[in-house]
Amino acid sequence: MSQTPEAIRKRRERLEKRHVAISEEEMLVRLRKILMKKGYLSGKIINATPSLPSMTTYKQHFGNLRTLYRLVGYTNTSYWGDLEAYQRWADLKRANGALLCEAFEKTGTRATFDPSLGLLRVNDTVNIGVELAKCRKCEGLPLKWTVRRRMRQPMGWTVAIRLGENNKAIRDYVLLPSPSVAGQWLWFGEEGHPVHKIERFKTFEELTRSLVRRVNKATRSTPAKRQRSRRSSCTRDRENKGEPKSKMFHIPRTYRNQNEQSSQEGQNKTGISKNKRERG
């Protein structure tokens, strides 16, 4: 899509405003002023403020966000606690995905795991997502758990680490088919839902054994189903072209016996006449 000269000019002006050649001390001073004005900081606020360098520039000069926020006096302990918990569960999801991939490979199955997407692909046909199920509390209602679904998540299976009531410890592991319905969040309760067909496992090893067994069984039966489907398709094509359909006729047993007996008698008569000719 081509841009008009006016749009290109405005874009160049915005980029020139964002490019500020200032010292590191001035970068911190300006960021501290934004903190006093807003009351908190985030990467979104930094990128949206024209007088500040971009978030990428700050990281290049000061390292990570935690160091940057500490230098300007922003100590939000709850934020860092949530960030550390998020990192811990993200590392566990990646580790479980790798273990699941290794379990499939040990059975001779071809499997690949993408840590950035948390997606395991088996035999190029089955998709398995590794997610986290967090507990949600609503006053006066039973506990609910939510699994965040990725946009355009392919159909297959979802393996989720279900956390406890305070989301600080692992409660168990759940396995459910990845639904084809749209939506970013999938909700389920302690009793589950018949549509979701949720299965629970006490350990990740139990879930792995069950999933590997059923996926291998399904993928091994797929070629036979495809072959039967191909044969049916060929038969339909012949019928559409007007070719006669091959038929199987049932011959009664009594008729087969009579036919065999007549054939045997014919062979005996042929042998007798042959012997007479040889004697003559």
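Residue numbers (this note's numbering): 26 to 305. All C-beta atoms, glycine included, are put in the ideal place defined by N, C-alpha and C. Here the structure is a predicted model, which means the values were calculated and not measured.
Helix, strand or coil, according to DSSP, for Asp139 in the structure here?
Within the sequence shown, residue 139 is the residue found at index 114, counting from 1. Three-state DSSP puts Asp139 in a strand.
Whole angstroms is fine: what's the gap from Lys159's alpha carbon to Arg135's?
Here residue 159 refers to the residue found at position 134 of the sequence shown. Here residue 135 refers to the residue found at position 110 of the sequence shown. Taking the straight line from one Cα to the other gives about 31 Å.
May I have a chain-ordered list of the alpha helix (DSSP H) segments no shorter than 4 residues that lie completely inside the segment 80-142?
80-87, 90-96, 102-131
Report, in whole angstroms, the separation of the C-beta atoms of Gly122 and Gly106, which I expect to be a contact under 8 Å.
As a position in the sequence shown, residue 122 is number 97, starting the count at 1. As a position in the sequence shown, residue 106 is number 81, starting the count at 1. About 25 Å; that fails the 8 Å criterion.
I'd like the span of the alpha helix (DSSP H) that includes Arg55, first residue to last.
Numbered from 1 along the sequence shown, position 30 holds the residue referred to as residue 55. From DSSP, the alpha helix (DSSP H) with Arg55 extends over 49-63.
DSSP three-state assignment for Glu230, whether helix, strand or coil
As a position in the sequence shown, residue 230 is number 205, starting the count at 1. Helix at Glu230.
Along the chain, where does the alpha helix (DSSP H) containing Lys69 start, and where does it finish?
Numbered from 1 along the sequence shown, position 44 holds the residue referred to as residue 69. Where Lys69 is concerned, the enclosing alpha helix (DSSP H) stretches over 68-73.
For Ser141, I'd like the list of residues in its chain whose CB is within less than 7 Å of its CB, leaving aside the five on either flank, ordered along the chain.
On the sequence shown, residue 141 is found 116 positions in, with the first residue counted as 1. Correct list: empty, nothing qualifies.
Selected residue, minimal CA-CA separation from Leu75, among Met52, Leu96, Leu93, His86
One-based indexing of the sequence shown puts residue 75 at position 50. Here the sequence assigns Pro to residue 75, which means Leu is not the residue at that position. Checked all of Met52, Leu96, Leu93, His86; the closest Cα to Pro75 is Met52.
Quick one, which of Leu157, Pro179, Pro202, Leu211 has its alpha-carbon nearest Arg187's?
As a first step, residue 187 is located in the sequence shown; it is residue number 162 there, counting from the start. Considering only alpha carbons, the answer is Leu157.
Which of the three DSSP states, helix, strand or coil, is assigned to Ser235?
For the purposes of this step, residue 235 is taken as the residue at position 210 of the sequence shown. Here Ser235 sits in helix by DSSP.
Excluding the 5 residues flanking Ala194 on each side, which residues of the same chain have their C-beta closer than 8 Å to its C-beta?
Within the sequence shown, numbered from 1, the residue matching residue 194 stands at position 169. Leu188.
Report back the beta-carbon spacing between Val237 and Thr132 to the nearest angstrom; my notes put them in contact at under 8 Å.
In the sequence shown, the residue the question calls residue 237 occupies position 212. In the sequence shown, the residue the question calls residue 132 occupies position 107. Their Cβ separation, rounded to whole angstroms, is 6 Å, which keeps Val237 and Thr132 in contact under 8 Å.
Whose CA, out of Asp139, Met80, Leu211, Val155, lies closest to the CA of Val172?
Within the sequence shown, the letter at position 147 stands for residue 172. When each option's Cα is compared against that of Val172, the closest is Leu211.
Terminal residues of the beta strand (DSSP E) in which Pro202 lies:
Here residue 202 is taken as the residue at index 177 of the sequence shown, counted from 1. Per DSSP, Pro202 belongs to the beta strand (DSSP E) from 195-203.
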